[in-house]
Each structure stands twice: as C-alpha cells, then as structure tokens.
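Below is one structure; the comments refer to it alone.
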Amino acid sequence: YLLLGRWRKKHLTFRILNLPSRLSSRTARAAVHQAFNYWSNVAPLTFREVQAGWADIRLSFHGRQSPYCSNKFDGPGRVLAHADIPELGSVHFDEDEFWTEGTYQGVNLRIIAAHELGHALGLGHSRYTQALMAPVYAGYRPYFELHPDDVAGIQALYGKKSPETKDEEKEETEVLTVPLVPTEPSPMPNPCSGELDAMMLGPHGKTYAFKGDYVWTVTNSGRGPLFRVSALWEGLPGNLDAAVYSPRTQWIHFFKGDKVWRYINFKMSPGFPKKLNRVEPNLDAALYWPLNQKVFLFKGSGYWQWDELARTDFSRYPKPIKELFTGVPDQLSAAMSWQDGRVYFFKGKEYWRLNWQLRVEKGYPQNIAHNWMHCPLQTPATISSVGDETASVTGTILSTPSAMDSIMDITLSDTD
Amino acid sequence: RALGPAEKKAAVDYLLQYGYLQKSLEGQDDFRPEDIMEALRVFQEASELPVSGQLDDATRAHMKQPRCGLEDPFNQKTLK
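Shown next as structure tokens:
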C-alpha cells in the first residue's frame, strides 16, 4: 500500500450530493453506506451522513464536464471515478458508467465507492492486483472483502479497531494531542522580521510565505498559523530557495540546492525530487507569468524562462533580469505573480510591484512586514496596503523602449 | 502486426497520465525509446503481466481496462 495522507480526526461526516440515474436511489445509497462500512469495520473510524451543509467527504456523480471539478471523465469505460486525498474530501464518479449492484453487469458501485473512499481516507494505489486499492477494476465479486494489504494500509493510518478506541472522549483527546507540527527543535521564524525564502500564489488562490522550516498563508485580512513545511508537503525540506505554482499544469515546484520537487496540491509527484541539470543550483526565486504561461527562475542577476510542457532551449539563458524586469534588484529573496495580475519581487525587508510592462511601479519598494504580513507599522514610509491601487500607478502604464524590447524578447521565445 | 502511431501515442498518453512517465523539468517533447520501455516494464510488473518492455497485446489490453483516475505510484524503487 501507499499512504497519501490522513485525516486528523476519526469521526467523519459525509454527504451524498447526487446519485446515478440508472440505479435506484435506495440501492445506490445502500452501496455507498456499505462502502464506508468496509473501512469502519477494520479501523477506528466512524462516518455519519449529513443531508445538508458541509461534510468532510462529499460524494457526487458528474459526466465529461463539471463546473465543480477540473478532472473530466471520459464516458463509459476507462476512468470510472477519482477522489481527493485527505483532508480535501471530494469523491467523484463518472455519471456515464453503468453503475450496478448485485450483478456482474456494469460497474459495481459499492466496490468502486470503497476504492475511492480509500483514497479519500489517505490510501494510494496498491500493487496487489486483487487488493481493493489496485488501480484497475477487477470486476464484481459477490463475496467481496478487503485484501490484507488494504487492511494493513488503513490501519497504518488510523490504527486497528478496538473497543477502547470507540470511546469518543478518548479519541477526541487523541486527536487533540496529535501535533500539527513535529516537535523537532527548529527556530520558529517571526513573520514580521527577517528575509523570506519564498512566496507563492498557490492552488485555490492561496498565498504562501516560506521561511526556514515554516510556511504560513497570507490574506488581505491577516496571516494564518505557522506550519512546518513538511507537515503540509510531506517529504519537502525547509529553507527552500524558491517555490512556484503553475495554474497551467497545476504543478507546484519547489527548489532547493540542486534539487527540484514537484507536487500536485500536497502530493509529491512520482519520481521527485529530481536533480536540476540545466539551470544553475541555489536559485533565488521563481514565478509563473500568466501572460505567456511560462515559469521564470531567478538567480543573482539572471533569469531562465521555462516552458513546463515544451522543450526549452536553455542555451540562451541566463539572461539579465534588468532586460526584462525594469527596476528590479538582483539577488532576490522571492517572487510571484499575484491574484491582482501584478508581478511582485521580494528582497530583504522590501518588495517591488511591477506594472503590465514589467516595470517597477512608482512608490516602490515598500515594506513586506507591514503590507503583506499585517505587522504593526514601524516606519512612516510604509503607508499603502497590498494590491492597493494608488493614483501614482496611472503614470507608469506608458510603454518604454526597454519594456517593449522585453516583451518582444518573450514573444520570440514563445515562437521557439 | 506493426503498431500504428495512434496506438503508440495512446500508450504513451496512458503512461504519462498515470505517472509511469514523467515530463522532465527540461520539458523535452519526446520521450526516449528507453524511457518508454522502462515505463512499460514498470507498468507490466505492477500489472502482473509478462515483463518485456514492449507494447504487446496483453499490455495494450490491460491499458484499456476500466480503472481509477488517480495516478499509480509505481516505479522501480517502489516495486523493489
């Protein structure tokens, strides 16, 4: 078995948002309930159905297109279902399948639901082809039961089921005592002082700040609690060089030394970390530029432009940062494109915002701690907030020769 | 019989979709034949098929079976 994550609680709610059209509601609901029972029979988990409102695990059926899911299904056959890992909770079934129960015809909803719930609870695919968590559907089995590998996997996550663990109070205490971050000695950084390692506009529009072994989120109204980097992205070290999320591929790349890690959400992609071969190690920063859908990597006074899905000729890189990003300092701490469409560069205690011509806007640099981290104002110079549109911006949207040269340079690279 | 380009592409797409082949950071368009053979070997071993590294009938048939949409974690390291 492979473990992808776990819920930090053992009493979970679920909600069935809709049901397949060709199976009776009663049969379908019974199949889904039985799917939960397979797991709660062998691990100290409980599942309670809710009819409305939020639920930890949400099951639904959708077809080739869904406004709520970016993973399309492919019609009858092939891909039957997919699910998110903990603690996301989405479980989706292909509406176009012929979902059945109690027959060898079609696809058995109970078995597929149990498989997808395995993912939702934190199990990856098993290499035992007879295991429930095997990636390929092995067909209807009238006397279906979990494979020992499935049982071992779920018990590795949540322990064995025993009468003692049924005690609600004890479990709650257990959950509360599970530390959100490992207790290894590590200096907890102060978000209001010092230099950032990396900044990233991540999936779902969340802004992450990285410093030392810790990461926290930043919003317009405040900042979130500090988590160890490895508590969110398992297998990822602290003290990162750079981080960048690409909405184009959904990939998050983290850079440190001569290695690169790739994650989709919080799951590391197979085969990573890899060695950085064709760009220099010890990068300073990285960002995704939505205008040309490229990833930019920065080190010292140079940058590399990388297309994640096409061959990139790096022989012409690194190029000088100042040729493309006018007014930006060298030796950056961090960089990102933000939800306002602007590019931001961070160095030391200051940050720079660039206009659409990639030229530093009037009034920058400004103070990171005050404007991004919501720390008390310490100097009278830092007065505007993050994303604040000031009148001075208007004066910077003029095209300049240097900016136009830079745009041309990008266009030529795209053509390549 | 010799496989057509569409069949080969479908196999590479499958290996890519389910994590047996990874796009390199350098963004190379084409996978080397040895990379595809290695991915096929891993897929065959994980699927309990004869391990040949070739896109044989059994392998192509297995790729057409209904399955879960999540990636597989298998590579030589995890299999070992």
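Top line first, the protein sequences correspond to chains A and B.
Residue numbers for the first sequence, in the working numbering: 342 to 757.
Residue numbers for the second sequence, in the working numbering: 90 to 169.
C-beta atoms are modelled at their ideal positions from N, C-alpha and C, and glycine is treated no differently.
Given the structure is predicted, the values throughout are model-derived calculations rather than measurements.
How far does the alpha helix (DSSP H) with A/Asp491 in it extend, from its first residue to its last?
One-based indexing of the first sequence puts residue 491 of chain A at position 150. Unbroken alpha helix (DSSP H) run through A/Asp491: Pro489 to Tyr499.
Identify whether A/Arg349 lies in helix, strand or coil by the three-state DSSP scheme.
Translated into positions along the first sequence, residue 349 of chain A becomes position 8. Residue state, collapsed to three classes: coil.
Give me the Cα-Cα distance between A/Pro520 and A/Gly565, rounded to the nearest whole angstrom.
Numbered from its first residue, the first sequence carries residue 520 of chain A at position 179. Numbered from its first residue, the first sequence carries residue 565 of chain A at position 224. The predicted model places A/Pro520 with a pLDDT of 32, which falls under 50 and marks its position as unreliable, so this point remains unresolved.
Measuring alpha carbon to alpha carbon, tell me which of B/Lys97, B/Leu104 and B/Glu96 ends up nearest B/Phe132.
As a first step, residue 132 of chain B must be located in the second sequence, where it is residue number 43. The option with the nearest alpha carbon to B/Phe132 is B/Leu104.
Coarse secondary structure for A/Leu695, derived from DSSP in three states
Within the first sequence, numbered from 1, the residue matching residue 695 of chain A stands at position 354. The answer is strand: DSSP assigns A/Leu695 an E or B state.
Once DSSP output is grouped into helix, strand and coil, what is the label at A/Gly668?
Within the first sequence, the letter at position 327 stands for residue 668 of chain A. Coil at A/Gly668, not helix or strand.
I'd like the span of the beta strand (DSSP E) that includes A/His374, first residue to last.
Counted from its first residue, the first sequence places residue 374 of chain A at position 33. Unbroken run through A/His374 is the alpha helix (DSSP H), Ser366 to Ser381; no beta strand (DSSP E).
If we count Cβ pairs, one from each stretch, closer than 8 Å, do we get three or more for the stretch 408–418 of chain A versus the stretch 376–392 of chain A?
no
Assign A/Ser725 to one of three DSSP states: helix, strand, or coil.
Within the first sequence, the letter at position 384 stands for residue 725 of chain A. At A/Ser725 the pLDDT is 37, less than 50, meaning the model places this residue with poor confidence; the figure from the coordinates comes in the next sentence. A/Ser725 falls in the coil class under three-state DSSP.
Since A/Leu421 meets chain B, which of its residues come closer than 8 Å, beta carbon to beta carbon?
Here the question's residue 421 of chain A lines up with position 80 in the first sequence. Ordered by position in chain B, the residues that pass the 8 Å Cβ test against A/Leu421 are Pro155, Arg156, Cys157 and Gly158.
For A/Tyr461, count neighbouring Cβ atoms within 10 angstroms of its own Cβ and tell me buried if that reaches 16, exposed if not.
On the first sequence, position 120 is the one that residue 461 of chain A refers to. In the sequence under discussion, the amino acid at residue 461 of chain A is Ala, which differs from the Tyr named in the question. When all chains shown are included, A/Ala461 counts as buried.
Rounded to the nearest angstrom, how far is the Cβ of A/Ala676 from that of A/Ala710, given a contact under 8 Å?
Your numbering for residue 676 of chain A matches position 335 in the first sequence. Your numbering for residue 710 of chain A matches position 369 in the first sequence. Not really, about 18 Å apart at Cβ, beyond 8 Å.
Taking A/Arg694 as the reference, give the member of A/Val669, A/His715, A/Gln406 and A/Leu718 with the closest Cα.
Residue mapping note: residue 694 of chain A aligns to position 353 of the first sequence, counting from 1. The candidate whose alpha carbon is nearest that of A/Arg694 is A/Val669.
Does A/Ile357 come out as helix, strand or coil in the three-state DSSP assignment?
Your numbering for residue 357 of chain A matches position 16 in the first sequence. If DSSP states are grouped into helix, strand and coil, A/Ile357 belongs with the strands.
Would A/Gly418 pass as an interface residue toward chain B - the criterion being a Cβ-Cβ separation below 7 Å?
In the first sequence, counting from the first residue as 1, residue 418 of chain A sits at position 77. For A/Gly418, the answer is yes, since a Cβ of chain B falls inside 7 Å of its Cβ.
Three-state secondary structure (DSSP) of A/Ala384:
As a first step, residue 384 of chain A is located in the first sequence; it is residue number 43 there, counting from the start. If DSSP states are grouped into helix, strand and coil, A/Ala384 belongs with coil.
Can you tell which of A/Ser431, A/Thr444 and A/Gln446 has the C-alpha that lies nearest to the C-alpha of A/Thr354?
Taking the first sequence and counting its residues from 1, one reaches residue 354 of chain A at position 13. Ranking the options by Cα distance to A/Thr354, first place goes to A/Ser431.
For the stretch 567–583 of chain A and the stretch 598–605 of chain A, state whether three or more C-beta atom pairs, one from each stretch, are separated by less than 8 Å.
yes
Relative to chain B, which residues along the stretch 353–369 of chain A have a C-beta separation below 8 Å, given in chain order?
none
Give me, in chain order, the residues of the same chain whose beta-carbon lies closer than 7 Å to that of A/Asp648; leave out the 5 immediate sequence neighbours on both sides.
Numbered from its first residue, the first sequence carries residue 648 of chain A at position 307. Within the same chain, A/Asp648 has close Cβ partners Lys635.
Quick one: using the 10 Å Cβ neighbour count with 16 as the cut-off for buried, is A/Arg603 buried or exposed?
Position 262 of the first sequence holds residue 603 of chain A. Buried is the call here.
Would you say A/Gly612 lies against chain B (beta-carbon separation less than 7 Å)?
Taking the first sequence and counting its residues from 1, one reaches residue 612 of chain A at position 271. Yes, A/Gly612 counts as interfacial toward chain B.
Using the beta-carbon of each residue, which ones in chain B are nearer than 8 Å to A/Asn412?
Taking the first residue of the first sequence as 1, we reach residue 412 of chain A at position 71. By Cβ distance, chain B contributes Gly158.
How many angstroms separate the CA atom of A/Asp397 from the CA atom of A/Trp697?
The residue you call residue 397 of chain A lines up with position 56 of the first sequence. The residue you call residue 697 of chain A lines up with position 356 of the first sequence. Looking at the two C-alpha atoms, the distance is approximately 41 Å.
Determine, for B/Ala147, whether the minimum Cβ-Cβ distance to residues of chain A falls below 7 Å.
The residue you call residue 147 of chain B lines up with position 58 of the second sequence. No, B/Ala147 does not count as interfacial toward chain A.
Need the endpoints of the beta strand (DSSP E) that A/Arg603 sits in, please.
Taking the first sequence and counting its residues from 1, one reaches residue 603 of chain A at position 262. Looking at the DSSP string, the run of the beta strand (DSSP E) that includes A/Arg603 is Lys600 to Ile605.
Quick check on B/Asp102: buried or exposed, where buried means 16 or more other Cβ atoms within 10 Å of its Cβ?
Taking the first residue of the second sequence as position 1, residue 102 of chain B is located at position 13. With fewer than 16 other beta carbons inside 10 angstroms of its own, B/Asp102 counts as exposed.
Just curious, the alpha helix (DSSP H) that B/Tyr109 is in, first and last residue?
Here the question's residue 109 of chain B lines up with position 20 in the second sequence. Element bounds for B/Tyr109: n/a, residue is neither H nor E.
Among A/Thr470, A/Pro614, A/Tyr469 and A/Phe637, which has the Cα closest to the Cα of A/Leu673?
The residue given as residue 673 of chain A occupies position 332 in the first sequence. Out of A/Thr470, A/Pro614, A/Tyr469 and A/Phe637, A/Phe637 has the C-alpha closest to the C-alpha of A/Leu673.
From this set, A/Ile426, A/His456, A/Tyr409 and A/His403, which residue's C-alpha is nearest A/Phe439's C-alpha?
On the first sequence, residue 439 of chain A is found 98 positions in, with the first residue counted as 1. Ranking A/Ile426, A/His456, A/Tyr409 and A/His403 by Cα distance to A/Phe439 puts A/His403 first.
Counted within 10 angstroms of its Cβ, other Cβ atoms place A/Pro611 as buried (16 or more) or exposed
As a position in the first sequence, residue 611 of chain A is number 270, starting the count at 1. Classification for A/Pro611: buried.
Look at A/Ile495 and A/Lys608 and say whether their C-beta atoms are less than 7 Å apart.
The residue given as residue 495 of chain A occupies position 154 in the first sequence. The residue given as residue 608 of chain A occupies position 267 in the first sequence. Using a Cβ distance threshold of 7 Å, A/Ile495 and A/Lys608 do not count as a contacting pair.
With B/Ala128 as the anchor, note down where its beta strand (DSSP E) starts and where it stops.
Counting from 1 along the second sequence, the entry for residue 128 of chain B is found at position 39. From DSSP, B/Ala128 is part of no beta strand (DSSP E) but of the alpha helix (DSSP H) over Pro122 to Ala135.
Secondary structure at B/Met152, three-state DSSP: helix, strand or coil?
Within the second sequence, residue 152 of chain B is the residue found at index 63, counting from 1. In this structure, B/Met152 counts as helix in the three-state DSSP scheme.
Near-chain B residues of the stretch 467–484 of chain A - C-beta to any C-beta below 7 Å
From the stretch 467–484 of chain A, only Arg468, Thr470, Pro476, Val477 and Tyr478 have a Cβ closer than 7 Å to chain B.
Per DSSP, what kind of secondary structure is A/His715 in: helix, strand or coil?
Looking up residue 715 of chain A in the first sequence gives position 374. If DSSP states are grouped into helix, strand and coil, A/His715 belongs with coil.
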